[in-house]
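Per my numbering, the sequence shown runs over residues 94 to 384. All C-beta atoms, glycine included, are put in the ideal place defined by N, C-alpha and C.
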Amino acid sequence: MIRRPPRSTLFPYTTLFRSTHTPRMNIGGYATLSNTELNIATETRYELADRMTWVKNNHTVKVGLGSRLNKWALAPKDTRAGTFWFGSMQTATLGGVGGDGFASYLLGAPRAGALNGNFIDPYEINRYLALFVQDDWKITSKLTLSIGLRWSLEFPRVHSKNKYGGLEIGLPNPGAGNIPGALGFATRKRRAFEHMPWKDLGPRIGLAYALNDKTVIRTGYGIYYNLIYYNDFAGGMINGYNINPSFSTPDGRQPAFRLDDGFPQDYPRPDRKSTRLNSSHIPLSRMPSSA
Numbered sequence: 094m095i096r097r098p099p100r101s102t103l104f105p106y107t108t109l110f111r112s113t114h115t116p117r118m119n120i121g122g123y124a125t126l127s128n129t130e131l132n133i134a135t136e137t138r139y140e141l142a143d144r145m146t147w148v149k150n151n152h153t154v155k156v157g158l159g160s161r162l163n164k165w166a167l168a169p170k171d172t173r174a175g176t177f178w179f180g181s182m183q184t185a186t187l188g189g190v191g192g193d194g195f196a197s198y199l200l201g202a203p204r205a206g207a208l209n210g211n212f213i214d215p216y217e218i219n220r221y222l223a224l225f226v227q228d229d230w231k232i233t234s235k236l237t238l239s240i241g242l243r244w245s246l247e248f249p250r251v252h253s254k255n256k257y258g259g260l261e262i263g264l265p266n267p268g269a270g271n272i273p274g275a276l277g278f279a280t281r282k283r284r285a286f287e288h289m290p291w292k293d294l295g296p297r298i299g300l301a302y303a304l305n306d307k308t309v310i311r312t313g314y315g316i317y318y319n320l321i322y323y324n325d326f327a328g329g330m331i332n333g334y335n336i337n338p339s340f341s342t343p344d345g346r347q348p349a350f351r352l353d354d355g356f357p358q359d360y361p362r363p364d365r366k367s368t369r370l371n372s373s374h375i376p377l378s379r380m381p382s383s384a
């Protein structure tokens with residue numbers, strides 16, 4: 094029979110992010126005690142494409158569509174159990190003499206501790222749809238004119254559970270005199286903050302002229318739209334849902350808290366207030382609107 098050790102012998106845990114992973118223990122003058130955790134990322138992609146060709150007289154007409162659904166899920170594990178720093182001052186004399194980081198660790202007296210956690214894991218969903226039509230018109234035996242049009246629709250990314258927080262440029266900020274620009278949260282009816290580019294039409298035109306049996310001159314023109322790339326690995330979606338509380342020694346000598354008592358719980362939780370990240374950094378990932 095395996096008996097659970099008393100709480101005083103366990104690493105500290107939080108009531109919000111109970112973790113079976115090992116905390117990161119930074120002990121002054123010694124090696125760091127921890128194991129490297131993985132951030133598990135899963136990407137799923139579904140694609141559908143179809144094309145039809147119709148030939149009549151000297152016209153070859155092609156129509157088609159392409160559709161893609163991307164799902165990106167991230168389950169961060171690193172530092173979920175907390176990071177703790179141990180110094181010599183917590184075991185030094187009143188005059189600040191002596192002390193040892195490892196002794197402070199054995200006594201469970203960290204000089205500081207921090208927690209990185211998300212109330213919601215990132216789960217990004219992105220959709221793309223494109224329709225096109227093209228006519229290859231063989232005007233003469235030597236001259237061919239190609240005219241086409243492509244309509245590209247890249248839908249803004251959304252969170253699978255609509256837990257999406259981001260900067261809304263036009264939202265009045267009550268903590269800054271109602272100046273536009275505040276933290277907004279997605280809803281079922283409004284799942285994203287980016288603009289939808291309904292006018293991304295890409296015309297194509299090309300000419301091919303055969304000088305002889307061995308030489309063909311080709312020229313063309315077209316408008317193309319690049320795909321939107323988010324470089325935050327979906328982490329920028331959960332603004333307002335992530336927390337990074339930290340505690341430090343109040344006077345340089347006393348510990349920030351006792352490991353016996355676990356990580357302090359008196360830190361603010363996400364409250365979906367538009368002013369929550371005031372004086373902070375809110376990443377802006379906005380899809381430019383078509384003119």
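query	result
Alpha carbon of Gly88 to alpha carbon of Arg346, nearest angstrom	Limits of the chain in this structure are 94 at one end and 384 at the other, which puts residue 88 out of reach.
Under the three-state DSSP convention, the category Gly194 falls into	helix
Per-residue burial, Ser367 [other beta carbons within 10 Å of its own, 16 or more giving buried]	buried
Three or more C-beta pairs below 8 Å linking the region 236-248 and the region 293-300	yes
Close-in-space but distant-in-sequence residues of the same chain around Leu126 (CB under 6 Å, 5 per side omitted)	Met118
Euclidean distance between Cα positions of Arg161 and Tyr139	6 Å
Cβ neighbours of Pro348 in the same chain (closer than 7 Å, five flanking residues each side left out)	Gln183, Ala202, Pro203, Arg204 and Thr342
Cβ-based burial, Gly258 [other Cβ within 10 Å; buried from 16]	buried
According to DSSP, residues forming a beta bridge with Pro273	Pro265
Delimiting residues of the beta strand (DSSP E) encompassing Ser160	His152 to Ala168
Length of the line joining the Cα atoms of Glu217 and Glu136	9 Å
Backbone secondary structure at Leu199 - three-state DSSP	helix
Cβ neighbour criterion (16 or more within 10 Å) applied to Val251	buried
Cβ distance (whole Å) where Gly175 is taken to contact Phe356 below 8 Å	6 Å
Candidates Gly122, Ala134 and Gly315, of which the one nearest Ala196 by Cα	Gly122
Buried or exposed (CB count within 10 angstroms, at least 16 for buried), Asp143	exposed
C-beta contact flag for Pro361 and Tyr334 at 8 Å	no
Buried/exposed call for Lys256, threshold 16 Cβ in 10 Å	buried
Alpha-carbon to alpha-carbon, Ala279 and Asp214	15 Å
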